[in-house]
Amino acid sequence: MSMPQTTGPQTGHRASKSLLEVDAGTRRRNRAEARFRSYGIAAIGVAVLALVLLVTSVLSNGLGAFRQTFVIMDITLAADTLDPSGTGDVDAMKRVSTIGYGKLLKTALIADLESRGIPTEGMSEKEIAGLLSKEAPAQLRNMVLADPSLIGQTIRFKTYATGRVDGYFKGRVSMESAERDSNVTPAQLELADRMRAKGLMSVGFNWGFLFGPDASELRPEAAGLGIAILGSAYMMILVLVLALPIGVAASIYLEEFAPQNRWTDLIEVNIANLAAVPSIVFGILGLALFINFMGLPQSAPVVGALVLTLMTLPTIIIATRASLKSVPPSIRSAALGVGASKMQTVFHHVLPLAMPGILTGTIIGLAQALGETAPLLLIGMVAFVRDFPSAPPEGFMDPAAALPVQVYNWTQRADPAFVERASGAIIVLLAFLLTMNIVAIVLRRRFERRW
Amino acid sequence: MMKDNRIEERTVDMDMTETKISARNVQVYYGETHAIRDVDVDILDKTVTAFIGPSGCGKSTFLRCLNRMNDTIPICRVEGTILLDGEDIYDKRVDPVQLRARVGMVFQKPNPFPKSIYDNVAYGPRIHGLARSKAELDDIVEKSLRRAALWSEAKDRLDQPGTGLSGGQQQRLCIARAVATEPEVLLMDEPCSALDPIATAQVEELIDELRRDYSVVIVTHSMQQAARVSQKTAFFHLGSLVEFGETGEIFTNPQDPRTESYITGRIG
Ligand SMILES: Nc1ncnc2c1ncn2[C@@H]1O[C@H](COP(=O)(O)OP(=O)(O)OP(=O)(O)O)[C@@H](O)[C@H]1O
Ligand SMILES: [Mg+2]
Chain C
1 MSMPQTTGPQ TGHRASKSLL EVDAGTRRRN RAEARFRSYG IAAIGVAVLA LVLLVTSVLS
61 NGLGAFRQTF VIMDITLAAD TLDPSGTGDV DAMKRVSTIG YGKLLKTALI ADLESRGIPT
121 EGMSEKEIAG LLSKEAPAQL RNMVLADPSL IGQTIRFKTY ATGRVDGYFK GRVSMESAER
181 DSNVTPAQLE LADRMRAKGL MSVGFNWGFL FGPDASELRP EAAGLGIAIL GSAYMMILVL
241 VLALPIGVAA SIYLEEFAPQ NRWTDLIEVN IANLAAVPSI VFGILGLALF INFMGLPQSA
301 PVVGALVLTL MTLPTIIIAT RASLKSVPPS IRSAALGVGA SKMQTVFHHV LPLAMPGILT
361 GTIIGLAQAL GETAPLLLIG MVAFVRDFPS APPEGFMDPA AALPVQVYNW TQRADPAFVE
421 RASGAIIVLL AFLLTMNIVA IVLRRRFERR W
Chain R
1001 MMKDNRIEER TVDMDMTETK ISARNVQVYY GETHAIRDVD VDILDKTVTA FIGPSGCGKS
1061 TFLRCLNRMN DTIPICRVEG TILLDGEDIY DKRVDPVQLR ARVGMVFQKP NPFPKSIYDN
1121 VAYGPRIHGL ARSKAELDDI VEKSLRRAAL WSEAKDRLDQ PGTGLSGGQQ QRLCIARAVA
1181 TEPEVLLMDE PCSALDPIAT AQVEELIDEL RRDYSVVIVT HSMQQAARVS QKTAFFHLGS
1241 LVEFGETGEI FTNPQDPRTE SYITGRIG
């Protein structure tokens, strides 16, 4: 038992320690640091897990919406049923309703099945025709009215299979569930299997989901996002055009020009509060102000954009002011010192340096606006819209839908096929957000390179 | 006629020059703090005036009064009269922007714009419309960089960022930027505090050259520098102007005991 001899008086606990031994205090500090690091890693792990779960669930539910079961059949567009007057006059042809086209489709499908030798024994004509989407007659009618020269020809017509058959190929519908289902019979599903084997039915990418209009409750297979995407795009354009200049101008004024007094303090507090106001409140405001008072049309992108602008402004103002504030004051002194005016100082020096932050803030604000649902419900963007809005600027006033509202809308519908479509719409929404973020990053890089 | 005493060599005949800036009874407050009290000073044309004094005595504050840079500090209040060529620069009708084009400034900390070296120097001439063509602007940039003793180092990298220069080079760039606008008065707040002796000598050379056309006010912590470059020296202490006079007089025969103890290194 020999203790190391200490020579001289002890001066603190470090006195005789070698650098090669770690002392107790350092060991404790290192342990605390390691602990903290593991908390951080755990937190990131939870976040990543949540993200992975979200993405996988959305993708597994929603990817199916981009694929659809189609019936591809040959159909002879008989002149005597489609153009009874025989004049080729489109107005006269319009008198033939979808019921007429439906009959034509039914006979054509039965004939097609027969000619390809697909047995249909024991099935009624109605059952066979039930394999086609209820949308099919309207589709054919639009096609013929758009191009009357088709009459008399035999064409290859591609249309949606009914949602239940589509669900059967995607695994949503089974023989057992079909037994209990009044909308589909097991015999129909078996026929669909045979048709698919003979090439009369196929599953492929569905552009109609991205570009087509919404469809009614009974036709999930025909429901598309076209109007919602267009409506959201219109709103984003308007929000950008309205909110960016107003927000940046307000921030520049508040940050660089406004005197520091009770009024500006009050405005500042109010802007911070506005950023925290629930979005539905903006919806009520929009309903009262833009629709009831100003008389703007319901469901119009312009109203949605105005409401979303009000909602986005505080975000943009707060982000812009923060990035203006982060420009070092010495740059302002330098510019003022060579005789630049206040405005020259701001526009030549401060604003370019604050640009990356402003753009990031704006795009975050836009992304928020893109995903906003509640205020749009209140201003009527939840309405069922079948007609595409026209091109801007008139189109800004036409009724349209919006992506998040469409998601909400579809989740409310009874047919399980709409669950898949809602998830598909979420994928589109996420793709939009991702694109916006990439644009933000690219712009940021571009502006930052100008040091 | 060669004299080996630089102080005397650079002394001008005071009767020949006229007052450029005349400050009377100047008070500066930062909120409640009284930072400058009762300062009376006459800054002559074609003369270098040095402000010396211990740190925090108000040299920079007073310097900023002369081109109204204090306007940019919200809590700062200036009282008294400051005349430039007989006109009150704090008059309501005066636009400080116009004033600052005539009274240029080099700041204590180098503050180049985050732009190219060329654009840093060309900025002032551009906004004041001093150059009619690109060639003229190029000339101004070159002349200014030469005067600031930066040309040889910067001529091959004019398009590179001014913020990428060393601290001393940045300060010379700021000097070039200030002289490019051809101010009548140049205020320099410790322009050499980040410079090596060679660059310092070059800047002092520049100051001496500027004196031919302009009036220069320089704040410095170096007694030797004040003695070398200035003809007039003002000694500030705790916000007051203690002594103001010929540089030679101040350094050889100070009237106030505080001045004496400062220049001999006993306070400060
Ligand atoms: N922006 C400001 N706000 C409040 N007080 C200030 C401000 N600038 C300077 N002061 C105060 O005014 C006094 C004078 O400061 P000033 O910067 O003029 O000193 P200085 O003589 O230039 O010092 P140094 O030699 O260290 O640069 C100091 O007490 C300082 O604290
Ligand atoms: Mg100072």
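Chains as they are written, first to last, in the working numbering: chain C, 1 to 451; chain R, 1001 to 1268.
The C-beta atom is built at its ideal place from N, Cα and C for all residues, glycine as well.
Everything numeric in this text was worked out from a predicted model, so none of it was measured.
- Here the distance from the Cβ of Ser333/C to the nearest heavy atom of ligand 2 is not below 6 Å.
- For the options Arg421/C, Lys126/C, Leu443/C and Ile441/C, the alpha carbon positioned closest to that of Gln68/C is the one of Arg421/C.
- Residue side-chain check: Gln1225/R keeps its Cβ at 6 Å or more from all non-hydrogen atoms of ligand 2.
- In this structure Asp91/C is exposed. Its beta-carbon is surrounded by fewer than 16 other beta-carbon atoms within 10 angstroms.
- Interface criterion met: the Cβ of Ala1101/R is under 7 Å from a Cβ in chain C.
- Contact between the region 1040-1047 of chain R and the region 1106-1119 of chain R is absent: fewer than three C-beta pairs spanning the two stretches fall below 8 Å.
- Put simply, of Pro1183/R, Ser1193/R and Thr1072/R the residue whose alpha carbon is nearest the alpha carbon of Lys1046/R is Pro1183/R.
- Val1185/R: not part of any alpha helix (DSSP H); member of the beta strand (DSSP E) spanning Val1185 to Asp1189, first to last residue.
- Ala1176/R does not reach chain C, its nearest Cβ partner there being about 11 Å away, counting only Cβ pairs nearer than 7 Å.
- Three or more Cβ pairs closer than 8 Å define a contact, and the region 157-168 of chain C meets that threshold against the region 117-137 of chain C.
- Taking a C-beta cut-off of 7 Å against chain R, the contacting residues of the region 334-347 of chain C are Ala334, Leu336, Gly337, Val338, Gly339, Ala340, Ser341 and Gln344, listed in chain order.
- For the region 46-130 of chain C, the full-length beta strand (DSSP E) segments reaching 3 residues or more read 67-76 along the chain.
- Rounded to the nearest whole angstrom, the CA to CA distance from Ala197/C to Phe66/C is 22 Å.
- Here the region 1029-1036 of chain R lies against the region 1060-1080 of chain R, with 3 or more beta-carbon pairs under 8 Å apart.
- The way I'd put it, the region 1096-1104 of chain R does touch the region 338-347 of chain C; three or more beta-carbon pairs between them come closer than 8 Å.
- Set against 6 Å, the gap from the CB of Gln1108/R to the closest heavy atom of ligand 2 is smaller.
- For Tyr234/C, the uninterrupted alpha helix (DSSP H) segment begins and ends at Gly226 to Ile252.
- The beta-carbon of Ser330/C is placed less than 7 Å from the nearest beta-carbon of chain R.
- For Glu255/C against Leu324/C, the beta-carbon gap comes to about 4 Å, under 8 Å, which counts as contact.
- At a cut-off of 7 Å, the C-beta of Gly1031/R has no neighbouring C-beta in chain C.
- When beta bridges are read from the DSSP output, Cys1076/R appears opposite Tyr1030/R.
- Taken in chain order, the complete alpha helix (DSSP H) segments of 4 or more residues contained in the region 301-380 of chain C are 301-325, 329-337, 351-371 and 374-378.
- Rounded to the nearest whole angstrom, the CA to CA distance from Met381/C to Ser60/C is 28 Å.
- It is roughly 27 Å from the alpha-carbon of Ile1127/R to the alpha-carbon of Cys1192/R.
- Contact between the region 227-246 of chain C and the region 397-408 of chain C is present: three or more C-beta pairs spanning the two stretches fall below 8 Å.
- Put simply, the residues with a CB less than 5 Å from any heavy atom of ligand 1 are Tyr1030/R, Ala1035/R, Ser1055/R, Gly1056/R, Cys1057/R, Gly1058/R, Lys1059/R, Ser1060/R, Thr1061/R and Ile1073/R, in chain order.
- Scanning its chain for C-beta atoms nearer than 6 Å, with the 5 sequence neighbours on each side dropped, one finds around Ala300/C the residues Met397, in chain order.
- One thing to note: Thr1181/R has its Cβ within 7 Å of the Cβ of Gly1104/R.
- Residue contact check for Ile1127/R against chain C: a CB pair falls below 7 Å.
- When only Cα atoms are considered, Phe157/C and Asp83/C end up about 19 Å apart.
- When the beta-carbon positions are compared, Ile426/C and Val184/C stay at least 7 Å from each other.
- Across the region 293-311 of chain C, no CB contact with chain R closer than 9 Å is found for any residue.
- With three or more CB-CB distances shorter than 8 Å, the region 1233-1242 of chain R counts as touching the region 1256-1263 of chain R.
- Residue-level contact check: Met1105/R touches chain C, since one or more beta carbons of chain C fall below 7 Å from its beta carbon.
- For Gly1058/R, not one C-beta of chain C is nearer than 7 Å to its own C-beta.
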